[in-house]
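Reading through the structure tokens given below for one structure.
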């Protein structure tokens, strides 16, 4: 059996437009006959290497203000819950380490969606180990054990490696999609990326 | 008879994503039952007030590189011709002054489309008066007369006023759409803006 074409989603849980794509990608891909490859990375070091100390939505005030209005509209369009986070961008190293640990599991997509909802619909602190543990328990896993494994040096290196790879690939923001060597930037290009992947079938 | 709802398109001929919207907006609006209000402005002063000496696609190298790939794909998607301009961003003060002069004419939309094609499909210098004159002649007008009127002090002030208004409205890039007080940024939001306008009917 030929493998299904793969779409990689490169994202950080702190990224608001990544929220839209993380919530949508699995269902869209399933319908189209693709499979999703989860690629967690830290946006912070990427921004720093461009010369930015934080998110462009903080640095560019007008763009940032418009983004919050846009997010309300986009969530309405996609029928997704929304509450503006009181902290932005939220640090997300711990849940991203869990994703790095979990990339090949059956539960990674669900974990990603619940963490995104915690940040962008429930305004919870997604760097709090208790929040992460409860999310893991919620999907029927042993939270403390997975957190422990995610914090092992080898897995910390795995997330660092993803971030270095993101930089080598020329990624400059999230979400970014890759289909083979083709890069698509932003939630607005998710459908285009999936359509491109389908042409490879 | 109640007026049709209006969608304002704020744009600069040098802006590549404005090319996509300028080519698409009239037909989409007509189908939806809206009318287009053309709002030319200079992106240069807007970028300068943000602290940028030129287009963010020049200043942010990775983003700029991806943009050229994205433009090829977007033009294919919208069935628009495309040739990467050898000069970017092109200065467009003269054709924007013509638009400022022509905002209420029946030929403004066609003029805008032809100028955009000159820049993004034919790689021509759209600040050259001979190019502008030939475009005006092509749509059946007296080119030299309209250029002369566009260069009168009162009309130069009109374009300056549009740019100042863009700044007051919080516009930070092109294209930007306004429906009443609601702002929509980017070609990717054109359909959303038109849908919003239709709800006002």
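Chains as they are written, first to last, in this note's numbering: chain A, 1 to 201; chain B, 202 to 402. C-beta atoms are modelled at their ideal positions from N, C-alpha and C, and glycine is treated no differently.
Under the Cβ criterion (8 Å, minimum of three pairs), the segment 381-397 of chain B does not count as touching the segment 267-274 of chain B. DSSP, reduced to helix, strand and coil, places residue 238 (chain B) within a strand of the structure shown. Three or more beta-carbon pairs drawn from the segment 70-90 of chain A and the segment 110-129 of chain A are found closer than 8 Å, and the two stretches are therefore classed as touching. Nearest CB-CB separation between residue 185 (chain A) and chain B: below the 8 Å threshold. Taking a beta-carbon distance threshold of 8 Å, residue 62 (chain A) counts as an interface residue toward chain B.
Within chain B, 263, 266 and 267 have C-beta atoms less than 8 Å from the C-beta of residue 170 (chain A), given in sequence order. In the three-state reduction of the DSSP assignment, residue 306 (chain B) falls in the coil class, being assigned neither a helical nor a strand state. Comparing alpha-carbon positions, the option among B:282, B:274, B:397 and B:247 lying closest to residue 369 (chain B) turns out to be B:247. In terms of beta-carbon proximity, residue 188 (chain A) lines the interface with chain B, with at least one pair separated by less than 8 Å. Within chain A, the C-beta atoms nearer than 8 Å to that of residue 393 (chain B) come from 73 and 77, in chain order. Beta-bridge annotation (DSSP): residue 183 (chain A) is paired with A:178. Closer than 8 Å to the CB of residue 226 (chain B) there is not a single CB belonging to chain A. Not flagged as an interface residue toward chain A: residue 210 (chain B), since no C-beta distance is shorter than 8 Å.
Contact of residue 316 (chain B) with chain A is not assigned, every C-beta pair being separated by 8 Å or more.
Excluding sequence positions up to five before and after residue 56 (chain A), its CB lies within less than 7 Å of the CB of 63, all in the same chain and listed in chain order. Using a Cβ distance threshold of 8 Å, residue 194 (chain A) and residue 58 (chain A) do not count as a contacting pair. With 16 or more neighbouring CB atoms inside 10 Å of its own CB, residue 118 (chain A) falls in the buried class.
In summary, residue 26 (chain A) is buried, with 16 or more beta-carbon neighbours lying within 10 Å of its beta-carbon over all protein chains present.
Taking a cut-off of 8 Å on C-beta distances, the segment 344-351 of chain B touches the segment 293-310 of chain B, as three or more cross pairs fall below it. Inter-segment contact for the segment 99-113 of chain A and the segment 17-26 of chain A is present: three or more beta-carbon pairs are separated by less than 8 Å. When Cβ-Cβ separations below 8 Å define contact, residue 327 (chain B) makes no contact with chain A. Distance from the CA of residue 281 (chain B) to the CA of residue 14 (chain A), rounded to the nearest whole angstrom, comes to 36 Å. Residue range 354-369 is occupied by the alpha helix (DSSP H) that includes residue 363 (chain B). Annotated as proximal: residue 373 (chain B) and residue 60 (chain A), with beta-carbon spacing under 8 Å. In the DSSP assignment, residue 11 (chain A) is bridged to A:40.
When the Cα atoms are used, residue 253 (chain B) and residue 334 (chain B) turn out to be separated by approximately 32 Å. In the DSSP assignment, residue 6 (chain A) forms a beta bridge with A:35. Counting only runs of at least 4 residues, the segment 228-299 of chain B fully encloses the following alpha helix (DSSP H) elements, listed from N- to C-terminal order: 244-251, 257-260 and 262-279.
Under the Cβ criterion of 8 Å, residue 259 (chain B) is not counted among the residues facing chain A. Here residue 359 (chain B) has 301 as same chain residues with Cβ atoms under 6 Å from its own Cβ, once five neighbours each way along the sequence are excluded. Collapsing the DSSP output to three states places residue 200 (chain A) in coil.
Between residue 402 (chain B) and residue 234 (chain B), the C-beta gap is smaller than 8 Å, which places the two residues in contact.
Taken atom to atom, the span from the alpha-carbon of residue 293 (chain B) to that of residue 241 (chain B) is near 10 Å. Between residue 38 (chain A) and residue 103 (chain A), the C-beta spacing is below 8 Å.
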